[in-house]
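Engineer:
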Amino acid sequence: MTSWVTSLIAVGGTLAGAATTNLLQTRVNRAQRREALQEDRRAELLTAVSELVSALAVHRRTMWTLGQQPDDPDARAAAHESRAAITAPLVRVGVLAPDLLAPAKQAERAVYAMRNPPDTDTLSRLREEALNASDHLVDQASRTFHQLDTLAHRTR
Numbered sequence: 001m002t003s004w005v006t007s008l009i010a011v012g013g014t015l016a017g018a019a020t021t022n023l024l025q026t027r028v029n030r031a032q033r034r035e036a037l038q039e040d041r042r043a044e045l046l047t048a049v050s051e052l053v054s055a056l057a058v059h060r061r062t063m064w065t066l067g068q069q070p071d072d073p074d075a076r077a078a079a080h081e082s083r084a085a086i087t088a089p090l091v092r093v094g095v096l097a098p099d100l101l102a103p104a105k106q107a108e109r110a111v112y113a114m115r116n117p118p119d120t121d122t123l124s125r126l127r128e129e130a131l132n133a134s135d136h137l138v139d140q141a142s143r144t145f146h147q148l149d150t151l152a153h154r155t156r
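For the sequence shown, the working numbering begins at 1 and goes up steadily by one.
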């Protein structure tokens, strides 16, 4: 075989090896970016759900106080503040995980229903319903996280 054919084969092999290496590295990089994006989304959703559940708990506690002392201006002001704190995490949960929007809205409605109860027994019942709705949201979020984790493991 002549030297130029040998050189041509060597150059061709080198180019094929470089192209294969580049292709494999591109796939690895793409998979790493996809995995990082999934982890970021999961962390952002966890933060949003945690903040929403916390805001619901604060508002539930504030509504309990307001139900016990309906004429207290400080309790009324605290109720307005705690209600406003629910909006941002509720929107984030709905945007990040639309399947969690229904249980999140139900938890929101349940805590808002605690306003102006006719008596303490009704307030206690409404509080219990709000707790249950919040627990249901956490259960649904847990299922969503499990699905995200399962999906992440399948794509690896």
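All C-beta atoms, glycine included, are put in the ideal place defined by N, C-alpha and C.
(1) Measuring CB atoms only, is the stretch 120-130 touching the stretch 72-79, in the sense that at least three cross pairs come out at less than 8 Å?
(2) Please state if the CB of V111 and the CB of M63 are separated by a distance shorter than 8 Å.
(3) Please name the residue, chosen from E81, H59 and G94, that lies closest to A113 on a Cα-to-Cα basis.
(4) So, P89 versus A141, is the Cβ gap smaller than 8 Å?
(5) Could you check what DSSP says for R115 in three-state terms: helix, strand or coil?
(6) Going by the beta-carbon positions, is the gap between L148 and Q38 smaller than 8 Å?
(7) What are the boundary residues of the alpha helix (DSSP H) that includes T26?
(8) Taking the C-alpha atoms as reference points, what is the distance between D135 and T65?
(9) Quick one: what does DSSP say A110 is sitting in, helix, strand or coil?
(10) My output table needs one value for D71: the three-state DSSP class, helix, strand or coil.
(11) Relative to the C-alpha of T87, which residue among L24, A107, G12 and R34 is closest?
(12) With DSSP as the reference, label A97 as helix, strand or coil.
(13) Between R30, A18, E35 and E128, which has its C-alpha nearest T150's C-alpha?
(14) Please name the residue, chosen from T20, Q25, E129 and K105, that lies closest to V93 on a Cα-to-Cα basis.
(15) What do you get for G162, buried or exposed, if any count of 16 or more other CB atoms within 10 angstroms of its CB means buried?
Structural biologist: Let me lay it out:
(1) no
(2) yes
(3) H59
(4) no
(5) coil
(6) yes
(7) S3 to Q68
(8) 21 Å
(9) helix
(10) coil
(11) A107
(12) coil
(13) E35
(14) K105
(15) A query on residue 162 cannot be resolved here, the shown segment of the chain reaching from 1 to 156 and no further.
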